[in-house]
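K.L.:
Numbering (numbering that gives the first Met the number 0), first residue to last: 0 to 235.
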Amino acid sequence: MTSSYPRLWPEEQVPGDAEGCTDCGLHLHGSRMVWGEGNPTAPIWVLLDNPGAREDREGKSYVCGTRETLQEAVDQVGLTEKDLYVTYLLKRRPHRAYDKESVRRACLKHLERQLGEKSPQWVICLGNVAVQWFFLDLEAEVRKLRGSWHRVREVRTRVSYHPLAVRRRPNLRSRFLEDWRTGGRSRRISREIKRSPPSRRWMEGYNVGIGCAPAIYDTSIPAKIHYINNTICVWE
Ligand code: SF4
Numbered sequence: 000m001t002s003s004y005p006r007l008w009p010e011e012q013v014p015g016d017a018e019g020c021t022d023c024g025l026h027l028h029g030s031r032m033v034w035g036e037g038n039p040t041a042p043i044w045v046l047l048d049n050p051g052a053r054e055d056r057e058g059k060s061y062v063c064g065t066r067e068t069l070q071e072a073v074d075q076v077g078l079t080e081k082d083l084y085v086t087y088l089l090k091r092r093p094h095r096a097y098d099k100e101s102v103r104r105a106c107l108k109h110l111e112r113q114l115g116e117k118s119p120q121w122v123i124c125l126g127n128v129a130v131q132w133f134f135l136d137l138e139a140e141v142r143k144l145r146g147s148w149h150r151v152r153e154v155r156t157r158v159s160y161h162p163l164a165v166r167r168r169p170n171l172r173s174r175f176l177e178d179w180r181t182g183g184r185s186r187r188i189s190r191e192i193k194r195s196p197p198s199r200r201w202m203e204g205y206n207v208g209i210g211c212a213p214a215i216y217d218t219s220i221p222a223k224i225h226y227i228n229n230t231i232c233v234w235e
């Protein structure tokens, strides 16, 4: 099932004890906090560097180009806002120059809190800033890490380009979609397999094999169906 885009995804409310955070000084830029959007209990998380523009001069909500490009990719791989939760390294949008490293370091605690509370199955980091701070490696780069699964902070992780970079450089679009297709197809298979048992023909269509694993996620074995706690799970 696909959804139309662009559209406003529901925003998650900022927790009361985090609302009004002034730890890094970005509150002086006048932007409001954005905790996340989409489905807060979704298995797949998307991590971006910071929220983009969300309201116009009159305060009316709109979908910025970054989110439109993201939604387009999500739609093309058959996912919806129910499958995803989008969150940010910085919970406020910077409006002018700032000390990037100290601000990002200060705000990281909110993301770590979210991860601890919700335990996503997969995280897709978009753009070098999100990748570097999620991987805690300030030398990390999308171009070197995309195309493979990584195990980061105990979560299966993929990386791709920032949607804004994709808008500015149309030659990245096919690679961006390719990255989304891998994650999206895995999610779709998982959904379909729960509805009906897999047939050999169906599985051949996806070029996956069959394997058994103990009740843990063994991500070292690619392209397998695993039986975990009596549930059939698929990933690539
Ligand atoms: S950007 Fe993060 S650390 Fe800085 S004030 Fe906002 S919530 Fe606090």
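C-beta: ideal position from N, C-alpha, C; glycine also.
List the whole-angstrom C-beta distance separating Pro50 from Val33, where the pair is believed to meet the contact cut-off of C-beta under 8 Å.
P.N.:
Numbered from its first residue, the sequence shown carries residue 50 at position 51. Numbered from its first residue, the sequence shown carries residue 33 at position 34. The pair is a contact, with the Cβ atoms about 4 Å apart (cut-off 8 Å).
K.L.:
If I follow the unbroken beta strand (DSSP E) through Val85, where does it start and stop?
P.N.:
Walking along the sequence shown from the start, residue 85 turns up at place 86. Segment Leu83 to Tyr87, the beta strand (DSSP E) holding Val85.
K.L.:
Taking 7 Å as the limit between beta carbons, can you name the residues of its chain near Tyr93, skipping five residues before and five after?
P.N.:
For this step, residue 93 is matched to residue 94 along the sequence shown. It is Pro, not Tyr, that sits at residue 93 in the sequence shown. If we look at Pro93 and ignore the five residues flanking it on each side, its Cβ neighbours are Leu25, His28 and Asn49.
K.L.:
Using a threshold of 8 Å, is the CB atom of Arg53 nearer than that to any non-hydrogen atom of the ligand SF4?
P.N.:
Against the sequence shown, residue 53 aligns to sequence position 54. No, the Cβ of Arg53 stays beyond 8 Å of every heavy atom of the ligand SF4.
K.L.:
Who pairs with Val154 in a beta bridge, going by DSSP?
P.N.:
As a position in the sequence shown, residue 154 is number 155, starting the count at 1. Val154 is bridged to Val151.
K.L.:
Among the residues of its own chain, which have a CB less than 6 Å from the CB of Lys81, if the five just before and after it don't count?
P.N.:
Along the sequence shown, read from residue 1 onward, the residue named residue 81 stands at position 82. Once the five neighbours on either side are set aside, the close Cβ partners of Lys81 are Asn38.
K.L.:
Using the three-state DSSP reduction, which class does Leu78 fall into: helix, strand or coil?
P.N.:
Walking along the sequence shown from the start, residue 78 turns up at place 79. Leu78: coil per DSSP, three-state reduction.
K.L.:
Using 8 Å as the threshold, is the stretch 109-126 in touch with the stretch 151-159, meaning 3 or more CB pairs across them?
P.N.:
As far as the Cβ criterion goes, the stretch 109-126 touches the stretch 151-159, which means the pair count is three or higher.
K.L.:
Just list the residues that DSSP pairs Gly37 with in beta bridges.
P.N.:
The sequence position of residue 37 within the sequence shown is 38, counting from 1. Note: Gly37 sits in a beta bridge opposite Tyr84.
K.L.:
Classify Pro14: buried if its beta carbon has 16 or more other beta carbons within 10 angstroms, exposed otherwise.
P.N.:
Here residue 14 refers to the residue found at position 15 when the sequence shown is read from its first residue. Pro14 should be labelled exposed.
K.L.:
Between the alpha carbons of Val62 and Leu89, how many angstroms are there, rounded?
P.N.:
Taking the sequence shown and counting its residues from 1, the one referred to as residue 62 is at position 63. Taking the sequence shown and counting its residues from 1, the one referred to as residue 89 is at position 90. The alpha-carbon atoms of Val62 and Leu89 are separated by roughly 19 Å.
K.L.:
Straight-line CA distance for Thr21 to Val102?
P.N.:
Counted from its first residue, the sequence shown places residue 21 at position 22. Counted from its first residue, the sequence shown places residue 102 at position 103. One C-alpha to the other measures close to 11 Å.
K.L.:
Apart from the five residues just before and just after Pro197, which ones in its own chain have a Cβ nearer than 6 Å to its Cβ?
P.N.:
Mapped onto the sequence shown, residue 197 falls at position 198. At Pro197, the pLDDT of 42 sits below 50, so the modelled position is not reliable and the matter cannot be decided from this model.
K.L.:
Relative to the ligand SF4, is the shortest distance from any of its heavy atoms to the C-beta of Gly24 smaller than 8 Å?
P.N.:
For the purposes of this step, residue 24 is identified with residue 25 of the sequence shown, where counting begins at 1. Under cutoff, so the answer is yes.
K.L.:
Rounding to the nearest angstrom, what Cα-Cα distance links Lys99 and Thr79 in this structure?
P.N.:
Translated into the one-based positions of the sequence shown, residue 99 becomes position 100. Translated into the one-based positions of the sequence shown, residue 79 becomes position 80. The alpha-carbon atoms of Lys99 and Thr79 are separated by roughly 32 Å.
K.L.:
For a quick check, are the C-beta atoms of Thr65 and Pro169 less than 9 Å apart?
P.N.:
Position 66 of the sequence shown, counting from 1, holds the residue named residue 65. Position 170 of the sequence shown, counting from 1, holds the residue named residue 169. Their beta carbons are not under 9 Å apart, which means Thr65 does not touch Pro169 by this criterion.
K.L.:
In angstroms with no decimal places, state the Cα-to-Cα distance between Asp55 and Trp179.
P.N.:
Position 56 of the sequence shown, counting from 1, holds the residue named residue 55. Position 180 of the sequence shown, counting from 1, holds the residue named residue 179. Those two C-alpha atoms are separated by around 29 Å.
K.L.:
Starting from Arg91, follow its DSSP beta bridges and name the residues at the other end.
P.N.:
Taking the sequence shown and counting its residues from 1, the one referred to as residue 91 is at position 92. Partner(s): Met32.
K.L.:
Within 10 angstroms of the Cβ of Gly254, are there 16 or more other Cβ atoms? Answer buried if so, exposed if not.
P.N.:
Any question about residue 254 goes unanswered here, given that the chain covers just 0 to 235.
K.L.:
Along the chain, where does the beta strand (DSSP E) that runs through Trp44 open and close?
P.N.:
Here the question's residue 44 lines up with position 45 in the sequence shown. Unbroken beta strand (DSSP E) run through Trp44: Ile43 to Leu47.
K.L.:
My parser needs the beta strand (DSSP E) runs of 3 or more residues fully inside the stretch 104-129; what are they?
P.N.:
List check, beta strand (DSSP E) in window: 121-125.
K.L.:
Can you tell me where the alpha helix (DSSP H) with Ala164 in it begins and where it stops?
P.N.:
Reading the sequence shown from its first residue, position 165 is the one you call residue 164. Element bounds for Ala164: Pro162 to Arg167.
K.L.:
Rounded to a whole number of angstroms, what is the C-alpha to C-alpha distance between Val165 and Tyr97?
P.N.:
As a position in the sequence shown, residue 165 is number 166, starting the count at 1. As a position in the sequence shown, residue 97 is number 98, starting the count at 1. So the alpha carbons of these two residues sit roughly 25 Å apart.
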